[in-house]
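In the numbering used here, the protein residues as written are 32 to 343. To start, the structure under review is shown below, and the notes come after it.
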Amino acid sequence: MTEMLAQRDYYGKALKELAQRKDIVVLDADLAGSTKTLEFYKACPEGFIEVGIAEQNMIGIASGLAAEGKTVFASTFGVFASGRCWEQTRLGVAYPKMNVKIVATHCGISVGEDGASHQALEDISLMRSLPNMTVISPADAYMTYAATLAIAEYDGPVYMRLGRSPVPVISKEGDEFVIGKARVLSEGSDVTLFGTGQLTYGCMEAAEELKKEGISAEVVDVSTIKPLDAETVLKSVGKTGCAVTAEEHSIIGGLGSAIAELLSEELPVPLRRVGTKDIFGESGKPGELFVKYGLTSKDIAEAARGSVKKKR
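This is how it looks when you write it as structure tokens:
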């Protein structure tokens with residue numbers, strides 16, 4: 032049985048490790064227990080600032096602390112981190128290239144019963160549009176841990192999105208996370224499946240399903256959506272001749288858009304995008320919502336069949 036771990040738990044674990052660094056400051060907006068920044072507070076209370084339900088103010092404080100040489104982590108739920116704070120992030124973090132890491136939890140439709148108001152389905156789009164912003168969506172808990180340590184070493188603005196519930200583990204504990212580098216998880220010759228976040232596992236499941244039909248699918252984990260690893264994307268698609276993107280996010284402005292933009296200019300091939308279709312979510316159990324909104328491995332496999340058929 033596939034191991035299931037929550038990304039936010041491993042974000043907290045990494046922050047606890049970073050607490051020994053004197054330059055690290057962690058901010059939260061009344062959600063430290065949910066975002067797991069509480070783990071940092073327990074280890075280093077003097078380096079933690081609870082701003083309360085004031086997300087825009089949190090980003091302003093983060094910018095000021097970064098201007099004074101601190102490496103700042105600011106966390107809240109995805110809908111607030113990306114939407115409510117967008118102007119403050121644009122002018123206070125992205126424009127001056129401040130060393131602020133905005134790490135958002137509870138992203139995507141798998142937030143479940145909290146419904147549309149709390150399901151961030153456009154956060155990648157909002158953050159990807161900002162100059163100087165690096166955008167990361169780790170595939171699992173171990174990659175979240177490694178990515179947190181990696182962005183702590185990176186000098187500049189970062190937006191990292193995490194989910195709420197435990198997700199399948201596809202990495203090994205101790206694996207390295209390299210910002211800006213996609214990972215080829217399995218090689219194939221007929222179609223490339225580009226996944227991000229927990230839908231990377233969906234791509235792996237889809238590849239197994241397609242294999243039974245004689246379709247060889249290459250699976251690529253695109254954890255860094257910006258800057259996109261154009262070299263790996265083009266090399267893979269140059270071999271397979273068609274592609275599918277899969278994300279727990281709108282197909283508008285996310286991974287699907289990023290891949291489509293690159294391929295349209297450099298290597299036009301059939302491409303199908305799996306994600307939410309210009310629509311808000313709703314309250315429900317995550318698994319049921321994945322089925323309703325077409326985010327399952329079966330949906331990815333069907334998109335792959337369509338892409339391969341169009342290639343032929």
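The C-beta atom is built at its ideal place from N, Cα and C for all residues, glycine as well. These figures come from a predicted structure and were not determined experimentally.
Quiz prompt | Counted within 10 angstroms of its Cβ, other Cβ atoms place R192 as buried (16 or more) or exposed | solution = buried
Quiz item: On the three-pair Cβ rule with 8 angstroms, is the segment 34-47 touching the segment 172-182?
Solution: A contact exists between the segment 34-47 and the segment 172-182.
Quiz item: Which word fits S328, buried or exposed, when buried means at least 16 other C-beta atoms lie within 10 angstroms of its C-beta?
Solution: buried
Self-check item: Buried or exposed by the 16-neighbour rule on C-beta atoms within 10 Å, applied to L152
Solution: buried
Practice problem: Within its chain, find whatever has a CB closer than 7 angstroms to the CB of G211; leave out the 5 residues flanking it on each side and keep chain order. | Solution: T255, P258 and D260
Quiz prompt | Rounded straight-line distance, which links the Cα of R121 to that of F79 | solution = 23 angstroms
Exercise. Tell me whether M174 sits in a helix, a strand or coil according to DSSP, three-state version.
Key: helix
Self-check item: Rounded C-alpha distance that separates G114 from I290
Solution: 23 angstroms
Practice problem: For the beta strand (DSSP E) holding L58, just list the boundary residues, first then last. | Solution: Annotation: the continuous beta strand (DSSP E) that includes L58 extends over I55 to D59.
Quiz item: Would a C-beta distance cut-off of 9 angstroms place L294 and V264 closer than the cut-off?
Solution: Pairing L294 with V264 gives a Cβ-Cβ distance under 9 angstroms.
Quiz prompt | Of the residues G100, A98, I92 and E99, the one placed nearest S106, counting alpha carbons only | solution = I92
Exercise. Tell me whether T255 sits in a helix, a strand or coil according to DSSP, three-state version.
Key: strand
Quiz item: If we count the other Cβ atoms within 10 Å of its Cβ and call it buried at 16 or more, is S288 buried or exposed?
Solution: buried
Quiz item: Applying the criterion that 16 or more other CB atoms from any shown protein chain within 10 Å of the CB defines a buried residue, is P102 buried or exposed?
Solution: Looking at the sequence shown, residue 102 is not Pro but Thr. Burial call: buried.
Quiz item: Is I182 buried or exposed, if buried means 16 or more other CB atoms sit within 10 Å of its CB?
Solution: buried
Quiz item: Enumerated in chain order, which unbroken segments of the beta strand (DSSP E) with a length of 3 residues or greater are wholly contained in the segment 170-217?
Solution: 189-192 and 214-217
Quiz prompt | Complete alpha helix (DSSP H) runs within the segment 51-106 (minimum length 4 residues, chain order) | solution = 63-66, 69-74 and 86-98
Practice problem: Look up E136 in the DSSP assignment and give the residues it is bridged to. | Solution: What sits at residue 136 in the sequence shown is Thr, not Glu. The partner list for T136 (beta bridge, DSSP) reads F108.
Self-check item: Same chain, Cβ closer than 6 angstroms to L216, five either side skipped, listed in chain order
Solution: V250 and D252
Practice problem: Keeping to the same chain, check which residues put their C-beta closer than 6 angstroms to that of L62; ignore five residues upstream and five downstream. | Solution: T107
Quiz item: In whole angstroms, what is the alpha-carbon distance linking A238 and S247?
Solution: 7 angstroms
Self-check item: Residue span of the alpha helix (DSSP H) that contains T120, given as start and end
Solution: W117 to T120
Exercise. Alpha carbon to alpha carbon, how far is K132 from D54? Give it in angstroms, no decimals.
Key: 13 angstroms
Quiz item: Can V275 and V222 be called in contact, C-beta distance under 9 angstroms?
Solution: Result yes, Cβ atoms of V275 and V222 sit closer than 9 angstroms.
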